[in-house]
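A.B. asks:
2 protein chains.
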Amino acid sequence: MTAYLSSAEPGFAQAFETLLASKREASVEVGETVAAIIADVRKRGDVALIELTTKFDGMTLDAAGLRFTADEIEEAYRAVDPDVRSALELAHRRITAHHQKQMPEDSTYTDDIGVTLGSRWTAVEAVGLYVPGGLASYPSSVLMNAIPAKVAGVERLAMVVPTPKGVVNPAVLAAAKIAGVDEIYRVGGAQAVAALAFGTDTIKPVYKIVGPGNAYVAAAKRQVFGTVGIDMIAGPSEVLVIADSTANPAWIAADLLAQAEHGGGAQSILLTTDADLAKAVDAEVDRQIGTLRAPDTARAGWNEFGAIITVATIDEAIALANRIASEHVELALDDPQSVVEKIRNAGAIFVGHHTPEAIGDYVGGSNHVLPTARSARFASGLGVLDFVKRTTILGCTPAALSELADATVALAEAEGLQAHGRSVSIRLNR
Amino acid sequence: MTAYLSSAEPGFAQAFETLLASKREASVEVGETVAAIIADVRKRGDVALIELTTKFDGMTLDAAGLRFTADEIEEAYRAVDPDVRSALELAHRRITAHHQKQMPEDSTYTDDIGVTLGSRWTAVEAVGLYVPGGLASYPSSVLMNAIPAKVAGVERLAMVVPTPKGVVNPAVLAAAKIAGVDEIYRVGGAQAVAALAFGTDTIKPVYKIVGPGNAYVAAAKRQVFGTVGIDMIAGPSEVLVIADSTANPAWIAADLLAQAEHGGGAQSILLTTDADLAKAVDAEVDRQIGTLRAPDTARAGWNEFGAIITVATIDEAIALANRIASEHVELALDDPQSVVEKIRNAGAIFVGHHTPEAIGDYVGGSNHVLPTARSARFASGLGVLDFVKRTTILGCTPAALSELADATVALAEAEGLQAHGRSVSIRLNR
Numbered sequence: 001m002t003a004y005l006s007s008a009e010p011g012f013a014q015a016f017e018t019l020l021a022s023k024r025e026a027s028v029e030v031g032e033t034v035a036a037i038i039a040d041v042r043k044r045g046d047v048a049l050i051e052l053t054t055k056f057d058g059m060t061l062d063a064a065g066l067r068f069t070a071d072e073i074e075e076a077y078r079a080v081d082p083d084v085r086s087a088l089e090l091a092h093r094r095i096t097a098h099h100q101k102q103m104p105e106d107s108t109y110t111d112d113i114g115v116t117l118g119s120r121w122t123a124v125e126a127v128g129l130y131v132p133g134g135l136a137s138y139p140s141s142v143l144m145n146a147i148p149a150k151v152a153g154v155e156r157l158a159m160v161v162p163t164p165k166g167v168v169n170p171a172v173l174a175a176a177k178i179a180g181v182d183e184i185y186r187v188g189g190a191q192a193v194a195a196l197a198f199g200t201d202t203i204k205p206v207y208k209i210v211g212p213g214n215a216y217v218a219a220a221k222r223q224v225f226g227t228v229g230i231d232m233i234a235g236p237s238e239v240l241v242i243a244d245s246t247a248n249p250a251w252i253a254a255d256l257l258a259q260a261e262h263g264g265g266a267q268s269i270l271l272t273t274d275a276d277l278a279k280a281v282d283a284e285v286d287r288q289i290g291t292l293r294a295p296d297t298a299r300a301g302w303n304e305f306g307a308i309i310t311v312a313t314i315d316e317a318i319a320l321a322n323r324i325a326s327e328h329v330e331l332a333l334d335d336p337q338s339v340v341e342k343i344r345n346a347g348a349i350f351v352g353h354h355t356p357e358a359i360g361d362y363v364g365g366s367n368h369v370l371p372t373a374r375s376a377r378f379a380s381g382l383g384v385l386d387f388v389k390r391t392t393i394l395g396c397t398p399a400a401l402s403e404l405a406d407a408t409v410a411l412a413e414a415e416g417l418q419a420h421g422r423s424v425s426i427r428l429n430r
Numbered sequence: 001m002t003a004y005l006s007s008a009e010p011g012f013a014q015a016f017e018t019l020l021a022s023k024r025e026a027s028v029e030v031g032e033t034v035a036a037i038i039a040d041v042r043k044r045g046d047v048a049l050i051e052l053t054t055k056f057d058g059m060t061l062d063a064a065g066l067r068f069t070a071d072e073i074e075e076a077y078r079a080v081d082p083d084v085r086s087a088l089e090l091a092h093r094r095i096t097a098h099h100q101k102q103m104p105e106d107s108t109y110t111d112d113i114g115v116t117l118g119s120r121w122t123a124v125e126a127v128g129l130y131v132p133g134g135l136a137s138y139p140s141s142v143l144m145n146a147i148p149a150k151v152a153g154v155e156r157l158a159m160v161v162p163t164p165k166g167v168v169n170p171a172v173l174a175a176a177k178i179a180g181v182d183e184i185y186r187v188g189g190a191q192a193v194a195a196l197a198f199g200t201d202t203i204k205p206v207y208k209i210v211g212p213g214n215a216y217v218a219a220a221k222r223q224v225f226g227t228v229g230i231d232m233i234a235g236p237s238e239v240l241v242i243a244d245s246t247a248n249p250a251w252i253a254a255d256l257l258a259q260a261e262h263g264g265g266a267q268s269i270l271l272t273t274d275a276d277l278a279k280a281v282d283a284e285v286d287r288q289i290g291t292l293r294a295p296d297t298a299r300a301g302w303n304e305f306g307a308i309i310t311v312a313t314i315d316e317a318i319a320l321a322n323r324i325a326s327e328h329v330e331l332a333l334d335d336p337q338s339v340v341e342k343i344r345n346a347g348a349i350f351v352g353h354h355t356p357e358a359i360g361d362y363v364g365g366s367n368h369v370l371p372t373a374r375s376a377r378f379a380s381g382l383g384v385l386d387f388v389k390r391t392t393i394l395g396c397t398p399a400a401l402s403e404l405a406d407a408t409v410a411l412a413e414a415e416g417l418q419a420h421g422r423s424v425s426i427r428l429n430r
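Protein chains in written order, with the working numbering: chain A, 1 to 430; chain B, 1 to 430.
1) Assuming B/Tyr185 and B/Ile203 are in contact, meaning their beta carbons sit under 8 Å apart, how far apart are those beta carbons, in whole angstroms?
2) Which residue's Cα is closest to the Cα of B/Thr227: A/Glu304, A/Ser366 and A/Ala376?
3) Out of B/Glu403, B/Leu370 and B/Ala8, state which residue places its alpha-carbon closest to the alpha-carbon of A/Lys389.
4) Closer than 9 Å by beta-carbon distance: list the chain B residues that pair up with A/Ile309, in chain order.
5) Could you tell me whether the Cβ of A/Val480 comes closer than 8 Å to any Cβ of chain B?
6) Please classify B/His98: does DSSP put it in a helix, a strand, or coil?
7) Strictly by DSSP, which residues pair up with B/Thr122?
8) Does any CB atom of chain A fall closer than 8 Å to the CB of B/Gln418?
9) Who are the Cβ neighbours of A/Phe225 in its own chain at under 7 Å, not counting the five residues just before and after it?
10) Going by the beta-carbon positions, is the gap between B/Glu125 and B/Ala158 smaller than 8 Å?
11) In the DSSP assignment, what residue or residues form a beta bridge with A/Lys208?
12) Take every Cβ of the stretch 142-151 of chain A, pair it with every Cβ of the stretch 111-121 of chain A, and state whether three or more of those distances are shorter than 8 Å.
13) Helix, strand or coil for A/Ser27 per DSSP?
14) Please list the terminal residues of the continuous alpha helix (DSSP H) segment that includes A/Tyr216.
15) Against chain A, with Cβ distances strictly below 8 Å, would B/Ala179 count as a contact?
16) For the stretch 345-360 of chain A against the stretch 385-401 of chain B, are there 3 or more C-beta pairs whose distance is under 8 Å?
17) So, at 8 Å on beta carbons, what are the nonlocal neighbours of B/Asp83 in its own chain, with the 5 sequence-adjacent residues on each side left out?
18) What does A/Leu404 touch in chain B if you count any residue whose Cβ is under 9 Å from its own?
19) Nearest by alpha-carbon distance to B/His99: which of B/Ser326, B/Leu5, B/Asp386 and B/Ser237 is it?
20) Where A/Arg93 and B/Ala325 are concerned, what is the direct C-alpha to C-alpha distance, given to the nearest angstrom?
21) So, using beta-carbon positions, are B/Gly365 and B/Ala97 closer together than 8 Å?
22) So, is the C-beta of A/Pro139 closer than 8 Å to a C-beta in chain B?
23) Distance check for B/Leu88 and A/Trp121, CA to CA, integer angstroms please.
24) Determine the direct distance from the alpha carbon of B/Ala26 to that of B/Gly265, and round the result to whole angstroms.
25) Which residues does DSSP list as the beta-bridge partners of B/Tyr4?
26) So, does the CB of A/Ala250 fall closer than 8 Å to a CB anywhere in chain B?
27) Give a yes or no on whether the C-beta atoms belonging to B/Thr372 and B/Glu327 are separated by under 8 Å.
28) Using a beta-carbon distance cut-off of less than 7 Å, what residues from the stretch 243-267 of chain B approach chain A?
29) Take the Cβ of B/Thr246 as the centre, count every other Cβ of all protein chains shown within 10 Å, and call the residue buried at 16 or more, exposed below.
30) For the stretch 403-423 of chain B against the stretch 402-416 of chain A, are there 3 or more C-beta pairs whose distance is under 8 Å?
31) Run through the DSSP bridge pairs and tell me what B/Ala267 is partnered with.
32) Determine, using beta-carbon pairs with one atom in the stretch 129-138 of chain B and one in the stretch 146-164 of chain B, whether at least three such pairs fall under 8 Å.
33) If you measure from the beta carbon of A/Gly226 to each beta carbon in chain B, is any gap under 8 Å?
34) Quick check on the burial criterion: 16 or more other C-beta atoms within 10 angstroms. Buried or exposed for B/Gly290?
35) Measuring straight from C-alpha to C-alpha, what distance separates A/Ser86 and A/Ala175?
36) Run the CB neighbour count on A/Asp231, radius 10 Å, all protein chains shown included, and call it buried at 16 or more, exposed below.
Shown next, in the form of structure tokens:
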């Protein structure tokens, strides 16, 4: 049942804690199964990868068929509705333009005693991109993961996508082609993650794996972490709308449903200073659900995880929003700008009545891979920084080394690391 | 036995692969023990934390004694040798100055169709810092972890350090005081990580946990990841020295031993174009080991994990270095600058004959928490970016929303997300 809370009621603090702690994801214990799959692919390579794909995806294939050919990709691209194709191309242009501004700059300087300190950024050479099959096989997610990698300068971007019974979403291949993905393989699950991490005859290993997946994929990413880098583990999507009396209830209802229709634990919360708006939105959600072609998922999501919280002041809403730390925060307010700077924990903030969250999902230009499950308290959305790494550069003149020698030797000795100190003093004939 | 390889020999490719794949860490399976400890602290809070500390650290304490008092910290600070204290203060100034340059800048712009796109950085509010007890209780590591957090603007930095039998390294407390750590608790192990992640009556929860630790600590960090953020899992330290005939064998030997004396799987590798240098360094390592006050760890480390590789050209050395992706790379070369830009995978590069790696460990100014075990292929050293997170800001004018509407609806429909499209069209009366 959708939660209705008011900060004026006596049990509010406890009810809010319960809402914060609510678990929205079925926890499936698949660690051992996944470990066995990874060990198998690591040992038997392509042979295991093919057997597992046959078993889990209900299809036959051989090593030569693991990789999509250029012709197959081209054919899929042509099969996509031209309107969708040009929408993907618009999204590609806008996402690329925004992410180009995220490229960090190298910096080198020499300080007053002659020590040169530098930070140099280089792209991760090879990256794997996991794309789910079936219902959650979203071309927009291909763009959102692939574009920052390509903007960063990743030379080899290898995508994997399962094709149950041989079926693939042509729009996913079209998005990959538009984004410049270098290789695409028709494999998925933990076996695909293992192949990317350790390599097989057909799939060369990568250094980092990104992209969403089911419980098996998430477990596999956790297990190969260390051998390769991984991105964050994505949880169910969520939106928090902060609205005052100037908000349009029908628009807010539409935004809440746009989140609820994802299913799988997706959560929509309305935080408002206006009790009348709260009622109007609630009624409007019910009305709009009835007009959806496939209302069941949205209805179930809203009923199970939705919440409407009324508060006395916008400051109170801000304080609660910072505790919720939502993936998406919409500010449907008369004066949203003054609130933006006070929202500290959020993956993305959507400012004003004319910025529905869906704009950020597709063509706004920003990334839609954002921290979920309160992780906006400590994590950022996906971006160019996820595909580069910084190397520190340090250089001393003989004089600088001499100036720093006594302190280095003192600390090395205090830590019981005599040879550390000697590596300095030996250069100074001390 | 120290490995001696030459790229000119027929079995080199295989021998190099073996070196790359060699495991330098005892893998201890502690997952279940750690899970039980975490569950206990989560359930019973301070009571469990105290019981476990009594059991593992061999000491008695009560809730009031969990936290070091200001007087205790001040007393420890005064107990530290003044030379060490001023070395810590020099290190603090230099590390702070360098990390201040890492603070990312906010950026907001409005594009040609009226979409405002922003990236705003805010500090993680509360961070936990794990500091090992016993032999590896290094004051320099306290500085390296605490300073970037404080430069980033972390308001609450809570440190935990186990004090077996009640003994603590005063220099560790002094470093914490110098770095501005806000709270220090005398607890360690998985129980300390659990307390930081979930909170107890005495220790408020944090949003991110950083710092090195033993296998239990590493496992605990992995298990609480998601509830809180964590830094990378640190492996044994390593150095790769690239040297030509201009290098001084005694200096290189000292650098190799400075790494080997860490023990615990630490690795030193020399890559050189000069076979005579290789021999001279080898002899010099043997000679210098004999002059150390405590030679056993360095000797064992060099014998078990050390390697000397001779190559024909510097370009060959660079190619191998990029595959090794060492935490530390020293360039003991006549012309190191021309090589710096070709080393792509390295945590830090130490340029020229007068820059021993130990300078970077203490007072160079850069961070000594760097990616190990080949993870420099995809990861960076610790820095200010690890203590901030980026929030995306998106704002549309009605005209901008209208311009992006068709593409958004086309993509939403292609992905079967009707309510996403409607959240846009409803605002445009479409």
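Backbone N, C-alpha and C define an ideal beta-carbon position, used for all residues, glycine too. Predicted model only: the values in this text are computed from it and were never measured.
C.D. replies: Taking the definition as stated:
1) 6 Å
2) A/Ala376
3) B/Leu370
4) Under the 9 Å cutoff, chain B gives no residues; its nearest Cβ is about 20 Å from A/Ile309.
5) Examination of residue 480 of chain A is not possible in this model, given that chain A is present from 1 through 430 alone.
6) helix
7) B/Lys389
8) yes
9) none
10) no
11) A/Val127 and A/Gly229
12) no
13) coil
14) Ala215 to Val224
15) no
16) yes
17) none
18) Leu90, Arg94, Ile359, Tyr362, Val363 and Gly364
19) B/Asp386
20) 34 Å
21) yes
22) yes
23) 29 Å
24) 8 Å
25) B/Ile308
26) yes
27) yes
28) Ala250, Trp251, Ala254, Asp255, Leu257, Ala258 and Glu261
29) exposed
30) no
31) Reading off the sequence shown, one finds Gln at residue 267 of chain B, where the question assumed Ala. B/Glu238, per the DSSP bridge assignment.
32) yes
33) yes
34) exposed
35) 11 Å
36) buried
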